[in-house]
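> Can you read through this structure? Questions will come right after.
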Amino acid sequence: MKILGKSFYTDDPASVAKKLLGKLLVRMYYGKRLSGIIVETEAYYGREDPASRARRGGDLARVMHGEPGHALVYGVHRNWLFNIVAHEEGEVGAVLIRAIEPLEGIEVMKKLRKVNDLRKLTNGPGKLTKALAIDKSFHKLPVYTTKHGLWVEDYMDVKEVVVSKRIGVTEDLDIPLRFYVKGNRFVSKP
DNA sequence: CGCCAGATTGACT
DNA sequence: GTCAATCTGGCGG
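In terms of our numbering, the first sequence has 10 at position 10, counting the first letter as 1, and numbering is strictly consecutive.
So, in structure tokens, the structure goes:
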């Protein structure tokens with residue numbers, strides 16, 4: 001078991017988004033491991049990205065300019081979205097975790113989500129945060145240490161990655177910035 | 001403090 | 001397929 005260090009996230013957002021596929025997102029919840037394989041991500045940039053929250057200024061923009069490897073948790077509608085700050089030195093960016101494949105602590109996750117269907121457990125950004133009990137309290141905390149009960153481990157290599165345009169954004173860039181594992185049934189939208 | 005848009009979800013036709 | 005619930009964050013007053 002190897003925890004991804006800070007340097008893993010000190011890289012271009014799109015590269016980090018792609019590298020994260022196949023990694024294991026782990027949440028220590030009351031002494032139990034809840035985890036899932038990351039199967040879908042999206043990259044967000046700074047001012048030049050119309051869909052990025054960094055455009056609007058405020059605290060979220062500050063965090064996106066800040067330390068790579070820190071969690072960025074923010075609410076839309078009634079959901080928490082979990083991002084990891086990722087960019088090269090002096091740059092801006094973050095990676096949104098959009099879907100994971102449940103691995104450990106599935107029964108606990110089902111309780112937290114109040115659903116029984118495994119496939120619907122974590123196949124969306126708002127769903128996986130609920131399944132792993134991730135909320136605003138993780139905002140700005142580093143995920144390259146086990147100290148706060150949330151981190152990412154090396155796990156497996158992904159054979160085939162599909163690249164597409166981002167989902168749900170009102171105005172997207174021309175470059176496709178969504179990455180997912182080909183054929184995986186836990187991806188939010190194939 | 002009030003207004004409003006939104007990187008969503010789930011229920012329903 | 002459509003559509004509304006519901007709440008956070010940014011911004012103007």
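From the three backbone atoms N, C-alpha and C, an ideal C-beta is built for every residue, glycine too.
Under 8 Å, do V162 and A51 count as touching if we go by C-beta distance?
Taking 8 Å as the Cβ cut-off, V162 and A51 do not qualify as a contacting pair.
> Sort H87, Y44, K2 and L60 by Cα distance to R195 and report the nearest one.
In this structure the chain extends from 1 to 190, so residue 195 is not present and cannot be described.
> What residue range is occupied by the uninterrupted alpha helix (DSSP H) comprising T41?
Unbroken run through T41 is the beta strand (DSSP E), K32 to Y44; no alpha helix (DSSP H).
> One question on the structure: do P68 and Y9 come within less than 8 Å of each other, judged by their Cβ atoms?
Going by C-beta atoms, P68 is nearer than 8 Å to Y9.
> Give me the residue from T41, Y144 and V187 with the minimum Cα distance to L4.
It is Y144.
> Helix, strand or coil for F82 per DSSP?
Strand at F82.
> Within its chain, find whatever has a CB closer than 8 Å to the CB of R62; leave out the 5 residues flanking it on each side and keep chain order.
Taken in chain order, the list of residues that qualify is empty.
> Could you give the DSSP three-state label for Y74: helix, strand or coil?
The answer is strand: DSSP assigns Y74 an E or B state.
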